[in-house]
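Visitor: The structure follows.
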Amino acid sequence: MINPSYTNVNNHFKLNGFHLTKDDLCRVAYSFIKEGEDFEKPVGDFLLDWFDGKSYIEMQTSGSTGTPKKIKVDKQAMVNSALATGDFFDLRPGNKALQCLPVKYVAGKMMLIRAIVLGLELDYVAPTAQPMKDLDDMQYDFIAMVPLQAQNSLEELKNVKKLIVGGAKINKILEKKLMKLPTEVYETYGMTETITHIAAKRVGANAFTVLPHVTISYDERQCLVIHAPHIIAEETIVTNDLVELINENQFRFLGRIDNIINSGGVKIMPEQVEQKLDGLLERRFYIASKEDKELGEKVVLLIEGDAFEVNPSIFEGLDKYERPKEILFVPKFKETENGKIIRKTSLK
Numbered sequence: 054m055i056n057p058s059y060t061n062v063n064n065h066f067k068l069n070g071f072h073l074t075k076d077d078l079c080r081v082a083y084s085f086i087k088e089g090e091d092f093e094k095p096v097g098d099f100l101l102d103w104f105d106g107k108s109y110i111e112m113q114t115s116g117s118t119g120t121p122k123k124i125k126v127d128k129q130a131m132v133n134s135a136l137a138t139g140d141f142f143d144l145r146p147g148n149k150a151l152q153c154l155p156v157k158y159v160a161g162k163m164m165l166i167r168a169i170v171l172g173l174e175l176d177y178v179a180p181t182a183q184p185m186k187d188l189d190d191m192q193y194d195f196i197a198m199v200p201l202q203a204q205n206s207l208e209e210l211k212n213v214k215k216l217i218v219g220g221a222k223i224n225k226i227l228e229k230k231l232m233k234l235p236t237e238v239y240e241t242y243g244m245t246e247t248i249t250h251i252a253a254k255r256v257g258a259n260a261f262t263v264l265p266h267v268t269i270s271y272d273e274r275q276c277l278v279i280h281a282p283h284i285i286a287e288e289t290i291v292t293n294d295l296v297e298l299i300n301e302n303q304f305r306f307l308g309r310i311d312n313i314i315n316s317g318g319v320k321i322m323p324e325q326v327e328q329k330l331d332g333l334l335e336r337r338f339y340i341a342s343k344e345d346k347e348l349g350e351k352v353v354l355l356i357e358g359d360a361f362e363v364n365p366s367i368f369e370g371l372d373k374y375e376r377p378k379e380i381l382f383v384p385k386f387k388e389t390e391n392g393k394i395i396r397k398t399s400l401k
């Protein structure tokens with residue numbers, strides 16, 4: 054194995070069954086850009102950017118918690134992230150992987166880089182909601198998906214050894230289905246700034262465990278602070294994610310500090326209310342707030358789709374101040390391309 058560097062391609066690497074060198078990949082990239090399908094053109098663009106001699110890549114953040122923005126990401130840091138994922142999930146040269154995420158975003162880019170760096174045999178397909186539909190019992194060692202893709206691939210996932218699911222939270226209904234599979238399924242935690250995931254947990258587990266060479270702490274707000282000098286240029290990222298720290302390698306995600314609702318002086322964390330309601334509503338939903346003359350803010354429940362009569366018994370497990378004072382129906386939630394709900398836009 055050549056020293057892992059963004060200038061090298063692992064000699065075990067295959068793309069759709071073909072051994073490809075750096076020069077081969079550049080030729081494939083030009084072909085994708087010139088005559089490829091719509092989903093192949095971003096792959097071509099990214100491969101040319103990867104081998105262009107610069108030490109960084111420009112990426113766009115998802116915009117789920119703020120305005121989407123472009124950031125510069127160090128290529129060697131992406132290699133280091135791929136190596137950490139390989140260590141954490143015990144990926145070996147020659148393992149078979151599937152690329153089914155859009156390469157426009159970091160998760161899709163990193164599946165390509167993991168394959169190139171770790172020497173995986175990568176098949177790629179269009180990033181659709183049913184990516185395994187036409188794969189005819191193909192066996193895979195490693196796949197990354199968003200929850201919607203996992204939901205639509207339950208039958209085929211029995212042929213997958215390890216699946217990581219990210220981009221949006223796995224709801225309880227899907228989690229129970231995934232736990233019945235012979236597949237090792239992990240929910241991931243991360244963001245564009247951390248070059249995709251920096252932690253993962255097996256479905257059904259309570260706590261996330263960080264990847265190798267990552268340590269964590271929290272600030273005075275009890276928000277997660279990530280220390281990962283080999284993948285983060287600033288070495289430390291201070292998040293707005295409220296956590297319960299178990300040790301320097303494990304944490305429980307509680308919710309986002311900027312989502313907290315102050316209703317009559319009582320602080321309510323929407324994510325914890327959502328967890329109590331998880332599995333009781335068949336549609337997508339989330340908890341938000343609206344201005345209220347008496348309470349300052351009142352709790353509201355947003356449900357996706359047409360209006361229907363909600364059985365009040367589903368709120369019996371909620372505390373007095375957690376119970377929604379209003380139910381709103383939104384025809385279609387605004388979301389990022391990986392399926393994460395953009396809360397404030399959907400509420401508007």
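Using our numbering, the first residue of the sequence shown is number 54, and each one after it goes up by one.
A virtual CB, placed ideally from N, CA and C, is assigned to each residue, including glycine.
As the structure is a prediction and not an experimental result, all values here were calculated from the model.
Express the C-alpha separation of residue 163 and residue 54 in angstroms, rounding to a whole number.
Guide: To locate residue 54, count along the sequence shown from 1; it is residue 1. To locate residue 163, count along the sequence shown from 1; it is residue 110. Here the model assigns residue 54 a pLDDT of 41, short of 50, so the residue's position is not dependable and the matter cannot be decided.
Visitor: Quick check on the DSSP output: the alpha helix (DSSP H) that includes residue 204 runs from which residue to which?
Guide: Start at 1 with the first residue of the sequence shown, and residue 204 comes out as number 151. 200-204 is the extent of the alpha helix (DSSP H) around residue 204.
Visitor: For residue 256 and residue 239, what's the separation of their Cα atoms in angstroms?
Guide: As a working note, residue 256 is residue 203 in the sequence shown. As a working note, residue 239 is residue 186 in the sequence shown. Taking the straight line joining both Cα atoms gives about 5 Å.
Visitor: In terms of DSSP beta bridges, what is residue 150 paired with?
Guide: Against the sequence shown, residue 150 aligns to sequence position 97. Looking at the DSSP assignment, residue 150 forms a beta bridge with 175 and 195.
Visitor: For residue 74, I'd like the list of residues in its chain whose CB is within less than 7 Å of its CB, leaving aside the five on either flank, ordered along the chain.
Guide: Stepping through the sequence shown from its first residue, residue 74 is reached at position 21. The residues are 62.
Visitor: Note down, one range per segment and in chain order, each beta strand (DSSP E) of at least 3 residues found wholly within the region 79-161.
Guide: Complete beta strand (DSSP E) runs here, min 3: 109-113, 123-127 and 149-152.
Visitor: Just tell me which of 245, 218, 208 and 222 has its CA closest to the CA of residue 235.
Guide: Stepping through the sequence shown from its first residue, residue 235 is reached at position 182. Of the listed residues, the one whose Cα sits closest to residue 235 is 208.
Visitor: State the beta-bridge partners of residue 255 as determined by DSSP.
Guide: Walking along the sequence shown from the start, residue 255 turns up at place 202. 239, per the DSSP bridge assignment.
Visitor: State whether the region 332-350 contacts the region 314-322, with contact taken as three or more CB pairs (one from each stretch) at a distance under 8 Å.
Guide: The answer is yes - the region 314-322 touches the region 332-350, with three or more Cβ pairs under 8 Å.
Visitor: Tell me the rounded alpha-carbon separation between residue 310 and residue 326.
Guide: Locating residue 310 in the sequence shown gives position 257, where the first residue counts as 1. Locating residue 326 in the sequence shown gives position 273, where the first residue counts as 1. The straight-line gap from Cα to Cα measures roughly 14 Å.
Visitor: Output needed for residue 189: all residues of its chain with C-beta closer than 7 Å, excluding positions within five of it in sequence on either side, in chain order.
Guide: Locating residue 189 in the sequence shown gives position 136, counting from the first residue. If we look at residue 189 and ignore the five residues flanking it on each side, it has no Cβ neighbours.
Visitor: Could you give the DSSP three-state label for residue 59: helix, strand or coil?
Guide: Numbered from its first residue, the sequence shown carries residue 59 at position 6. Of the three classes helix, strand and coil, the one that applies to residue 59 here is coil, per DSSP.
Visitor: Using only alpha-carbon positions, find the residue among 333, 392, 396 and 295 that is nearest to residue 366.
Guide: For the purposes of this step, residue 366 is taken as the residue at position 313 of the sequence shown. The option with the nearest alpha carbon to residue 366 is 333.
Visitor: Specify the secondary structure class of residue 298 as computed by DSSP and reduced to three states.
Guide: The sequence position of residue 298 within the sequence shown is 245, counting from 1. Residue state, collapsed to three classes: strand.
Visitor: Among residues of its own chain, excluding the 5 on either side of residue 175, which ones have a beta-carbon nearer than 6 Å to its beta-carbon?
Guide: Along the sequence shown, read from residue 1 onward, the residue named residue 175 stands at position 122. The answer, listed in chain order, is 68, 150, 152 and 168.
Visitor: Would residue 248 and residue 217 be called neighbours here (beta carbons separated by less than 8 Å)?
Guide: Residue mapping note: residue 248 aligns to position 195 of the sequence shown, counting from 1. Residue mapping note: residue 217 aligns to position 164 of the sequence shown, counting from 1. No, these two residues do not count as a Cβ contact at 8 Å.
Visitor: By a C-beta neighbour count over all protein chains shown, 10 Å radius and 16 as the cutoff for buried, is residue 48 buried or exposed?
Guide: As displayed, the chain neither begins before 54 nor continues past 401, which places residue 48 out of reach and without an answer.
Visitor: Quick one: residues in its chain with C-beta nearer than 7 Å to the C-beta of residue 363, no 5 flanking neighbours on either side, listed in chain order?
Guide: To locate residue 363, count along the sequence shown from 1; it is residue 310. Excluding sequence neighbours, residue 363 sits near 380.
Visitor: What residue range does the alpha helix (DSSP H) around residue 396 cover?
Guide: Sequence index remark: in the sequence shown, residue 396 carries index 343 (1-based). Residues 396-400.
Visitor: Use the C-beta contact count for residue 148: other C-beta atoms within 10 angstroms, 16 or more gives buried, fewer gives exposed.
Guide: As a position in the sequence shown, residue 148 is number 95, starting the count at 1. Classification for residue 148: buried.
Visitor: Taking only three categories from DSSP, how would you classify residue 305?
Guide: Walking along the sequence shown from the start, residue 305 turns up at place 252. The answer is strand: DSSP assigns residue 305 an E or B state.
Visitor: Where residue 141 and residue 344 are concerned, what is the direct C-alpha to C-alpha distance, given to the nearest angstrom?
Guide: As a working mapping, residue 141 is identified with position 88 in the sequence shown. As a working mapping, residue 344 is identified with position 291 in the sequence shown. One C-alpha to the other measures close to 45 Å.
Visitor: Taking contact to mean 3 or more Cβ pairs, one atom from each stretch, closer than 8 Å, check whether the region 268-279 and the region 291-302 are in contact.
Guide: These segments touch.
Visitor: Could you tell me which whole alpha helix (DSSP H) segments of length 4 or greater appear in the region 265-296?
Guide: With a minimum length of 4 residues, no continuous alpha helix (DSSP H) run stays inside the region 265-296.
Visitor: Considering only residues of the same chain and omitting the five flanking positions on each side of residue 206, which have a CB-CB separation below 6 Å?
Guide: The sequence position of residue 206 within the sequence shown is 153, counting from 1. Excluding residues within five positions, the ones whose Cβ falls inside 6 Å are 185.
Visitor: Ordered along the chain, which non-local residues of its own chain (more than five positions away) have a Cβ less than 6 Å from that of residue 203?
Guide: Along the sequence shown, read from residue 1 onward, the residue named residue 203 stands at position 150. Only 218 meet the Cβ criterion.
Visitor: Tell me whether residue 393 sits in a helix, a strand or coil according to DSSP, three-state version.
Guide: Residue numbering aside, residue 393 sits at position 340 when the sequence shown is read from its first letter. Residue 393 falls in the coil class under three-state DSSP.
Visitor: Give me whichever residues DSSP pairs with residue 326 in a beta bridge.
Guide: Numbered from 1 along the sequence shown, position 273 holds the residue referred to as residue 326. DSSP output for residue 326 lists no bridge partner at all.
Visitor: I'd like to check one pair, residue 66 with residue 173: are the Cβ atoms closer than 8 Å?
Guide: Against the sequence shown, residue 173 aligns to sequence position 120. Against the sequence shown, residue 66 aligns to sequence position 13. Contact flag set, yes.
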